[in-house]
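S.K.:
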Amino acid sequence: MTDLRDVLEARRIVAAHLPETPMWSYPVLDAAVGAEVFVKHENVQPTGAFKVRGGINLLARMADRSRGVLTYSTGNHAQSIAYAARLYGVACSIVMPENPNPAKVAAVEALGATVEIAGPTMVEAAEHARALAGRTGTRLISPADEPDIIAGVGTLYFEVLTARPDLDAVFVPVGSGTGAAAACLVAGALAPKCQVIGVQSAQAPAAHDSWRLGELVSRPMKTVVDGLATGSAFATPQAVMRDGLADFMLVSDDEIVQAQRMLLTEAHTLAEGAGAAALAALLARRERFAGRRVAVICTGANAGPAELARLLTA
1 MTDLRDVLEA RRIVAAHLPE TPMWSYPVLD AAVGAEVFVK HENVQPTGAF
51 KVRGGINLLA RMADRSRGVL TYSTGNHAQS IAYAARLYGV ACSIVMPENP
101 NPAKVAAVEA LGATVEIAGP TMVEAAEHAR ALAGRTGTRL ISPADEPDII
151 AGVGTLYFEV LTARPDLDAV FVPVGSGTGA AAACLVAGAL APKCQVIGVQ
201 SAQAPAAHDS WRLGELVSRP MKTVVDGLAT GSAFATPQAV MRDGLADFML
251 VSDDEIVQAQ RMLLTEAHTL AEGAGAAALA ALLARRERFA GRRVAVICTG
301 ANAGPAELAR LLTA
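Going letter by letter, the sequence shown gives residues 1 to 314 in UniProt numbering.
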C-alpha cells in the first residue's frame, strides 16, 4: 500500500523535472462562494494536467524500460505517460476510444507517442490495449491501478497541505480516482482534520457508486466531460478512498460548465470540465462551507474545441 514515504520519494523524483504549481486565493471568487477558496493550479503543468506527476514517477521507477510502455486513456493520462516516456527515452503507445479530443491526440503525438483508436468507449479501448500488450510484451500501464502513479500524484497534495495545513476541506475531481486516493493518503498523514471530498459527474458515476456500495461496479458514461468519463471503477484507488474520503459528491455537467465560467471570469483560469468539477461541488455545498478555508484542485486545462464552444456560449 502506498504511504507518505512513497510520496516523499516521488517528490524527490518529480522535483527534478517540475516546479511546484501555484495555489492562489481570489477575492472576487471568495466573495462569490462565501468562503476562503484556494485554487491549486495544475492547469499550468507542461501537459496541462496534474497526471504528469504520476507518469514521471512511474517511468522513473521502472526497472526495465526496454520493452516500451502502452496505456489507454481519453487524454490527460495519455499525455502524462507520453511526456514521461519522452523524458526517459521510452517507446510509448496510447490506445484511445473513438472520437477523442483532437487537441489531446495532437498533444500526445507531439510528445512522440503513437496513437491507436479502438472501440466506442474506454471499456473496449482497455480490452484492446490489454490484448495488444499480451501480444507484444509491452509494459501495460493502468490509468489507476499503479501505486507509483498514486505516489507521484501525491506530490500535488503534499504541496497543498504543507502550504495550507489549516484547510478545512479539499475538493478533488474523480475520474479513475488517483487524485482522490493520493489526497486521502497525504491528508491522513499531514492534515487529518482536513476533509477530502471526491467529485464526479452524475452522468458517469462509476467511481462514486463503487465507493457508496463498497464494491467495484460499472456505469454508463453519458457525460461530455471527458476527464471524468470512466465507466468502471479501479480497485487500487477505491481501496484508499473507501477509508479516506469524507464524502463523495455528484454534480451535473451543467453545474460543471457554470463552474468553468466562474473560474474563467473570477479566477482568470481556463479549466477543462474535470478541472472545474471541484468548484462545482463546492458551489453546491456553499452553505456548509461558508466562511471556511477550502482548496479546489483545478486538475487541468485541456479543453477541446467543442468544450470551448460550450463554455463561451451564454
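All C-beta atoms, glycine included, are put in the ideal place defined by N, C-alpha and C. Remember, it's a predicted structure, so these values are computed and weren't measured experimentally.
(1) Are the beta-carbon atoms of residue 72 and residue 126 separated by less than 8 Å?
(2) Less than 6 Å between C-beta atoms, sequence neighbours within five positions excluded: which residues of the same chain meet that for residue 112?
(3) Is residue 193 helix, strand or coil when you go by DSSP?
(4) With residue 161 as the anchor, note down where its alpha helix (DSSP H) starts and where it stops.
(5) What residue ranges within the region 31-112 form continuous alpha helix (DSSP H) runs of no fewer than 4 residues, ordered along the chain?
(6) Give the DSSP bridge partners of residue 247, in chain order.
(7) According to DSSP, is residue 313 part of a helix, a strand, or is it coil?
(8) Assign residue 23 to buried or exposed, taking buried as 16 or more other Cβ atoms, counted over all protein chains shown, within 10 Å of its Cβ.
(9) Taking all protein chains shown into account, decide if residue 213 is buried (16 or more other Cβ within 10 angstroms of its Cβ) or exposed.
(10) Measuring CA to CA, which of 207, 204 and 181 is closest to residue 196?
(11) Helix, strand or coil for residue 237 per DSSP?
(12) Mapping the DSSP letters down to three states, classify residue 116 as helix, strand or coil.
(13) Going by DSSP in three states, residue 123 sits in which element: helix, strand or coil?
(14) From residue 13 to residue 199, what distance separates their C-alpha atoms?
(15) What three-state label does DSSP hand residue 300 in the structure shown?
(16) What are the start and end residues of the beta strand (DSSP E) that includes residue 142?
(17) Keeping to the same chain, check which residues put their C-beta closer than 6 Å to that of residue 105; ignore five residues upstream and five downstream.
(18) So, using beta-carbon positions, are residue 58 and residue 149 closer together than 8 Å?
(19) Quick one: measure Cβ to Cβ for residue 277 and residue 301, integer angstroms, because I've assumed they're closer than 8 Å.
(20) Considering only residues of the same chain and omitting the five flanking positions on each side of residue 205, which have a CB-CB separation below 7 Å?
(21) Spell out a yes or no on whether the region 152-172 and the region 136-144 are touching, meaning 3 or more CB-CB pairs, one atom from each, closer than 8 Å.
(22) To the nearest angstrom, how far is the alpha carbon of residue 279 from that of residue 296?
(23) For residue 166, I'd like the list of residues in its chain whose CB is within less than 7 Å of its CB, leaving aside the five on either flank, ordered along the chain.
(24) Quick one: measure Cβ to Cβ for residue 97 and residue 119, integer angstroms, because I've assumed they're closer than 8 Å.
M.R.: Let me lay it out:
(1) Start at 1 with the first residue of the sequence shown, and residue 72 comes out as number 72. Start at 1 with the first residue of the sequence shown, and residue 126 comes out as number 126. Closer than 8 Å, so yes.
(2) Position 112 of the sequence shown holds residue 112. Counting only Cβ-Cβ distances below 6 Å, and skipping sequence neighbours, we find 86.
(3) Counted from its first residue, the sequence shown places residue 193 at position 193. Residue state, collapsed to three classes: coil.
(4) Sequence index remark: in the sequence shown, residue 161 carries index 161 (1-based). Secondary structure note for residue 161: its alpha helix (DSSP H) is the uninterrupted segment 147-163.
(5) Fully enclosed alpha helix (DSSP H) runs of no fewer than 4 residues occupy 52-61, 76-88 and 102-110 of the region 31-112, in order along the chain.
(6) The count along the sequence shown starts at 1 and reaches residue 247 at position 247. Paired residues: 197.
(7) By 1-based counting over the sequence shown, the position of residue 313 is 313. Looking at residue 313 - three-state DSSP - the assignment turns out to be coil, as it is neither helix nor strand.
(8) The sequence position of residue 23 within the sequence shown is 23, counting from 1. Around the beta carbon of residue 23, 16 or more other beta carbons sit within 10 angstroms, so the residue counts as buried.
(9) Working through the sequence shown from its first residue, we reach residue 213 at position 213. Classification of residue 213: exposed, given that the 10 Å Cβ count is below 16.
(10) Translated into positions along the sequence shown, residue 196 becomes position 196. With distances taken between Cα atoms, residue 196 lies closest to 181.
(11) Against the sequence shown, residue 237 aligns to sequence position 237. Residue 237: helix per DSSP, three-state reduction.
(12) Along the sequence shown, one-based indexing puts residue 116 at 116. Assigned with DSSP and collapsed to three states, residue 116 falls in strand.
(13) Within the sequence shown, residue 123 is the residue found at index 123, counting from 1. Helix.
(14) Here the question's residue 13 lines up with position 13 in the sequence shown. Here the question's residue 199 lines up with position 199 in the sequence shown. Between residue 13 and residue 199, the alpha-carbon positions lie close to 28 Å from each other.
(15) If you number the sequence shown from 1, residue 300 lands on position 300. Here residue 300 sits in strand by DSSP.
(16) Indexing the sequence shown from 1 puts residue 142 at position 142. Per DSSP, residue 142 belongs to no beta strand (DSSP E) and is neither H nor E.
(17) What you label residue 105 is simply residue 105 of the sequence shown in a count that begins at 1. If you ignore the 5 residues before and after residue 105, its C-beta comes within less than 6 Å of the C-beta of 115, all in its own chain and listed in chain order.
(18) Counting from 1 along the sequence shown, the entry for residue 58 is found at position 58. Counting from 1 along the sequence shown, the entry for residue 149 is found at position 149. Yes, Cβ-Cβ distance for residue 58 and residue 149 is below 8 Å.
(19) The count along the sequence shown starts at 1 and reaches residue 277 at position 277. The count along the sequence shown starts at 1 and reaches residue 301 at position 301. Taking 8 Å as the upper bound for CB-CB distance, residue 277 and residue 301 are not in contact here, some 13 Å apart.
(20) Taking the sequence shown and counting its residues from 1, one reaches residue 205 at position 205. Here the set comprises 219 and 250.
(21) Contact between the region 152-172 and the region 136-144 is absent, because fewer than three Cβ pairs lie under 8 Å.
(22) As a first step, residue 279 must be located in the sequence shown, where it is residue number 279. As a first step, residue 296 must be located in the sequence shown, where it is residue number 296. So the alpha carbons of these two residues sit roughly 6 Å apart.
(23) Here residue 166 refers to the residue found at position 166 when the sequence shown is read from its first residue. The residues are 293.
(24) The count along the sequence shown starts at 1 and reaches residue 97 at position 97. The count along the sequence shown starts at 1 and reaches residue 119 at position 119. Contact holds; Cβ gap of about 5 Å.
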